[in-house]
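Student: Heads up: the sequence lines are chains L and W, in that order.
Residue numbering for the first sequence follows the working numbering, beginning at 1 and increasing consecutively.
Residue numbering for the second sequence follows the working numbering, beginning at 1001 and increasing consecutively.
A virtual CB, placed ideally from N, CA and C, is assigned to each residue, including glycine.
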Amino acid sequence: MKYLCLVYLEEQILHAFPSDKRRSISDEAMSYCEKLQKAGQLLAASPLHPVETATTVRVREGKTTTTDGPFAETKEQLGGFLMIDVPDLNDAIRIAAQFPAAKFGSIEVRPMKDLGCAD
Amino acid sequence: MEDEAAIGTDIKVDEIYRNESRQVLATLIRLLGDFDAAEEALQESFAVAMEQWPRDGIPANPRAWLVSTGRFKAIDGMRRRARYNTSLNELAKHLEATTSDSSARDDEHVEDDRLRLIFTCCHQALAEEAQLAMTLREVCNLTTEEIARAFLTKPATIAQRIVRAKAKIRDARIPYEVPPPSELPERLDTVLRVVYLVFNEGYSASFGTSLTRADLSGEAIRLGRLLFQLLPEPEVTGLLALMLLHESRRPARTSANGDLVLLEQQDRSLWNQTQITEGIAFVERALSSKRIGPYTLQASIAAVHAEAPSAEQTDWAQIVALYDVLLRVEPSPIIQLNRAVAIAMRDGPAKGLELVDVLLAHGELAQYHLAHAARADLCRRLGKKAEARSSYEQALALAKQEPERRFLEKRLSELAG
């Protein structure tokens, strides 16, 4: 079963960390992902650029509008994702709980439907 | 003669349904991997039983018979529907290959199935209200109407919660399993909280009008007994003891006209001694383990009350000591409030009032009616009439339950006189 783990965090909290702490969090996340990949549980993962770089696109009645920023202003922002393939939700919860950002952010675990393309 | 035998069998089938249907369901969910398919298979297997047993007699192991009949019916049904939906044929083949008929007879598996069902209904990925509804529906076999009545809501609301929970179990793939030892304490906490919520819903509302809610406490105790039988962990034992000891006081908690009677004024001869004896035995058992948790500690406090002939002759020093331990295990302002009340009983109301005032000054209990009621009572005992009145008024403004409101109003009118 595939799950998309959406990592939400307050970017301000992250920015407030001293740079060596930020680096160690990032290193820890990298090596955790490598471990998952070796175990065959990780399909893809990436951190995202800050939310200020986001653009939201909508098409209504044939007309495209693009707006600056995320689709919704929230206290915590989407900061990255992991796409994993594990037997069940309990495994997905275990993996999410061990991801470093879970200690200061939140991870939304969403089961993926079987109908996806290009995999 | 034959008719009589058939009627006898009917009664037996009813009895088997009452005693075994949840266990059969629990195993069918494991075998079929789906709540709704299992529910349907359960109904079908009982329909076959109703038809065959009066004629052929009741099989030696009715539960195993029901499980294998249900499994067979489910696979057969998939085959029939496979004409319209070919993926069902694959599923039927898969089920036939991966589940054997003998797995229905394996007692160890079957015992685990009930635990699997409980842990799945109480999975932390489900909302608490969904956990409650699922547990009462699937484990206790209450109807959605009964659950709705108990929680003063509409049957459609409960039905919707159950449908959504089942959809999440299926779509997010919540596994049907007993958690591994490393996760057991945390997962068991969730299960115990659900059981205790069911109990309290029936207990604190019991001085209302409806008997159904007392049934809810009975249901929680039955659940507690089942858990104890399947998984005799110390806190399971402690919670069962706590529920029995609280339940023992039910006949004394309300007067004939439905008014609330406080612990110190209760007629202790009304307390249910059978439940007390059983509860105390469970407390002792839980205390003999090395891991003593909050339910066991609360049960120990209830046991000290249960053993005391009157409020004055209660071992308040022991109760304060137990609250001290409880606060270390589970710090909470409500436990601090209860401890302050126990200290007032041990050292006098002035000492208790001092502690309650400190707690109220912290602000966490400012909206908790019982904190103001406790303060009012201490002031009343100290002869501080005006302060008592103002605290009773604050408590009354926050209290929601009718019997509690009547009690506070009565106290207020006594102070006015």
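To which residues does DSSP link L/Gly-80 through a beta bridge?
Tutor: Translated into positions along the first sequence, residue 80 of chain L becomes position 80. For L/Gly-80, which the question treats as bridged, DSSP gives the partners L/Val-7, L/Pro-47.
Student: Does the beta-carbon of W/Asp-1377 have 16 or more other beta-carbons within 10 angstroms, so that it is buried, or is it exposed?
Tutor: To locate residue 1377 of chain W, count along the second sequence from 1; it is residue 377. Buried, because 16 or more other Cβ atoms sit within 10 Å of the Cβ of W/Asp-1377.
Student: With 8 Å as the limit, tell me which residues of the stretch 77-100 of chain L have their beta carbon closer than that to any beta carbon of chain W; keep them in chain order.
Tutor: Pro-87, Asp-88, Leu-89, Asn-90, Ile-93
Student: Anything in chain W within Cβ reach of L/Pro-111, meaning under 8 Å, just list it in chain order.
Tutor: Counting from one through the first sequence, the residue named residue 111 of chain L turns up at place 111. Neighbours of L/Pro-111 on chain W, chain order: Asp-1171, Ala-1172, Arg-1173.
Student: Identify whether L/Arg-58 lies in helix, strand or coil by the three-state DSSP scheme.
Tutor: Here residue 58 of chain L refers to the residue found at position 58 when the first sequence is read from its first residue. Three-state DSSP puts L/Arg-58 in a strand.
Student: Identify which residue in W/Glu-1020, W/Gly-1202, W/Ala-1399, W/Ser-1390 has its Cα closest to the Cα of W/Leu-1412.
Tutor: Locating residue 1412 of chain W in the second sequence gives position 412, counting from the first residue. Closest option to W/Leu-1412, Cα to Cα, is W/Ser-1390.
Student: Can you name the residues of chain L whose CB is closer than 8 Å to the CB of W/Ala-1038?
Tutor: Counted from its first residue, the second sequence places residue 1038 of chain W at position 38. Residues of chain L passing the Cβ test: none, with the nearest at roughly 18 Å.
Student: Which residues bound the beta strand (DSSP E) around L/Val-109?
Tutor: Sequence index remark: in the first sequence, residue 109 of chain L carries index 109 (1-based). Where L/Val-109 is concerned, the enclosing beta strand (DSSP E) stretches over 106-111.
Student: Where does W/Pro-1403 land, buried or exposed, given buried means 16+ other C-beta within 10 angstroms?
Tutor: What you label residue 1403 of chain W is simply residue 403 of the second sequence in a count that begins at 1. When all chains shown are included, W/Pro-1403 counts as buried.
Student: Please state the DSSP three-state secondary structure of L/Thr-66.
Tutor: As a position in the first sequence, residue 66 of chain L is number 66, starting the count at 1. Correct three-state label for L/Thr-66: strand.
Student: Let me see if you follow: with CB-CB separation under 8 Å, is W/Ala-1125 close to chain L or not?
Tutor: Against the second sequence, residue 1125 of chain W aligns to sequence position 125. So yes, W/Ala-1125 belongs to the interface.
Student: Measuring CB to CB, does W/Ala-1037 end up less than 8 Å from W/Asp-1113?
Tutor: Taking the second sequence and counting its residues from 1, the one referred to as residue 1037 of chain W is at position 37. Taking the second sequence and counting its residues from 1, the one referred to as residue 1113 of chain W is at position 113. One thing to note: W/Ala-1037 has its Cβ no nearer than 8 Å to the Cβ of W/Asp-1113.
Student: Whose CA, out of L/Phe-99, L/Met-112, L/Asp-91, L/Ser-19, lies closest to the CA of L/Glu-28?
Tutor: Your numbering for residue 28 of chain L matches position 28 in the first sequence. If we check each option's Cα against that of L/Glu-28, L/Phe-99 comes out closest.
Student: Mapping the DSSP letters down to three states, classify W/Thr-1153 as helix, strand or coil.
Tutor: On the second sequence, residue 1153 of chain W is found 153 positions in, with the first residue counted as 1. The answer is coil: DSSP assigns W/Thr-1153 none of H, G, I, E or B.
Student: Run through the stretch 1158-1226 of chain W for me and flag every whole alpha helix (DSSP H) of 4 or more residues, listed as ranges in chain order.
Tutor: 1184-1203
Student: Just to confirm the assignment, what range does the alpha helix (DSSP H) spanning W/Gln-1367 have?
Tutor: Indexing the second sequence from 1 puts residue 1367 of chain W at position 367. Counting along the chain, W/Gln-1367 falls outside any alpha helix (DSSP H), and DSSP gives it neither H nor E.
Student: Just how far apart, CA to CA, sit W/Thr-1314 and W/Ala-1127?
Tutor: Here residue 1314 of chain W refers to the residue found at position 314 when the second sequence is read from its first residue. Here residue 1127 of chain W refers to the residue found at position 127 when the second sequence is read from its first residue. Computed Cα separation, rounded: 40 Å.
Student: What's the C-alpha gap between W/Ile-1029 and W/Ala-1299?
Tutor: Locating residue 1029 of chain W in the second sequence gives position 29, where the first residue counts as 1. Locating residue 1299 of chain W in the second sequence gives position 299, where the first residue counts as 1. Approximately 35 Å between the Cα atoms of the pair.
Student: By the DSSP assignment, the alpha helix (DSSP H) with W/Tyr-1323 in it spans what residues?
Tutor: Along the second sequence, read from residue 1 onward, the residue named residue 1323 of chain W stands at position 323. First-last of the alpha helix (DSSP H) with W/Tyr-1323: 1316-1329.
Student: By Cβ distance, which residues of its chain are closer than 7 Å to W/Val-1329, with the 5 residues on each side in sequence left out?
Tutor: For the purposes of this step, residue 1329 of chain W is taken as residue 329 along the second sequence, with counting starting at 1. Cβ within range, chain order: Gly-1293, Pro-1294, Leu-1297.
Student: To the nearest angstrom, how far is it from the Cα of L/Glu-11 to the Cα of L/Ser-31?
Tutor: Stepping through the first sequence from its first residue, residue 11 of chain L is reached at position 11. Stepping through the first sequence from its first residue, residue 31 of chain L is reached at position 31. Taking the straight line from one Cα to the other gives about 22 Å.
Student: Just how far apart, CA to CA, sit W/Leu-1184 and W/Gln-1023?
Tutor: In the second sequence, the residue the question calls residue 1184 of chain W occupies position 184. In the second sequence, the residue the question calls residue 1023 of chain W occupies position 23. Between W/Leu-1184 and W/Gln-1023, the alpha-carbon positions lie close to 22 Å from each other.
Student: Is it buried or exposed, W/Ser-1206, if we count other Cβ atoms within 10 angstroms and call 16 or more buried?
Tutor: For this step, residue 1206 of chain W is matched to residue 206 along the second sequence. Unreliable positioning characterises W/Ser-1206 in this predicted model, as indicated by a pLDDT of 41, which lies under 50. The coordinate reading is nonetheless provided below. With 16 or more Cβ atoms within 10 Å of its Cβ, W/Ser-1206 is classed as buried.
Student: Going by alpha carbons, who is nearest to W/Asn-1200 out of W/Ile-1221, W/Cys-1140, W/Lys-1400?
Tutor: Within the second sequence, the letter at position 200 stands for residue 1200 of chain W. Ranking the options by Cα distance to W/Asn-1200, first place goes to W/Ile-1221.
Student: For W/Thr-1254, does the three-state DSSP call read helix, strand or coil?
Tutor: Here residue 1254 of chain W refers to the residue found at position 254 when the second sequence is read from its first residue. If DSSP states are grouped into helix, strand and coil, W/Thr-1254 belongs with the strands.
Student: Going straight from the alpha carbon of W/Ala-1416 to that of W/Gln-1124, what length do you get?
Tutor: Your numbering for residue 1416 of chain W matches position 416 in the second sequence. Your numbering for residue 1124 of chain W matches position 124 in the second sequence. One C-alpha to the other measures close to 50 Å.
Student: What residues are listed by DSSP as bridge partners for L/Leu-42?
Tutor: For the purposes of this step, residue 42 of chain L is taken as residue 42 along the first sequence, with counting starting at 1. Partner(s): L/Ile-84.
Student: Please classify L/Lys-2: does DSSP put it in a helix, a strand, or coil?
Tutor: Locating residue 2 of chain L in the first sequence gives position 2, where the first residue counts as 1. Three-state result, L/Lys-2: strand.
Student: For W/Lys-1154, count neighbouring C-beta atoms within 10 Å of its own C-beta (all shown protein chains included) and say buried if the count is 16 or more, exposed if not.
Tutor: Residue mapping note: residue 1154 of chain W aligns to position 154 of the second sequence, counting from 1. Its Cβ having fewer than 16 others within 10 Å, W/Lys-1154 is exposed.
Student: Can you find the residues in the same chain that come closer than 6 Å, C-beta to C-beta, to W/Asp-1010, ignoring five residues on each side of it along the sequence?
Tutor: As a working note, residue 1010 of chain W is residue 10 in the second sequence. Cβ neighbours of W/Asp-1010 beyond the five flanking positions: none.
Student: Can the beta-carbon of W/Phe-1228 be found less than 8 Å from the beta-carbon of W/Pro-1179?
Tutor: Taking the second sequence and counting its residues from 1, one reaches residue 1228 of chain W at position 228. Taking the second sequence and counting its residues from 1, one reaches residue 1179 of chain W at position 179. No, the pair does not count as a contact, with Cβ atoms beyond the cut-off.
Student: Would a C-beta distance cut-off of 8 Å place L/Arg-133 and L/Leu-4 closer than the cut-off?
Tutor: Residue 133 of chain L cannot be examined here, being either before or after the span of chain L that is shown, 1 to 119.
Student: Looking at chain W, is there any beta carbon in it that lies within less than 8 Å of the beta carbon of L/Met-30?
Tutor: By 1-based counting over the first sequence, the position of residue 30 of chain L is 30. So, not an interface residue.
Student: Could you name the residues of the same chain whose beta carbon sits closer than 6 Å to that of W/Met-1345, not counting the 5 residues immediately before and after it, in chain order?
Tutor: Locating residue 1345 of chain W in the second sequence gives position 345, where the first residue counts as 1. Same-chain partners within the cutoff: Trp-1316.
Student: How would you write the range of the alpha helix (DSSP H) that W/Gly-1070 sits in, first residue to last?
Tutor: Along the second sequence, read from residue 1 onward, the residue named residue 1070 of chain W stands at position 70. Run containing W/Gly-1070: 1062-1081, per the alpha helix (DSSP H) assignment.
Student: State the Cα-Cα distance for the pair W/Lys-1410 and L/Gly-79, rounded to the nearest angstrom.
Tutor: Stepping through the second sequence from its first residue, residue 1410 of chain W is reached at position 410. Stepping through the first sequence from its first residue, residue 79 of chain L is reached at position 79. C-alpha of W/Lys-1410 to C-alpha of L/Gly-79: approximately 58 Å in a straight line.
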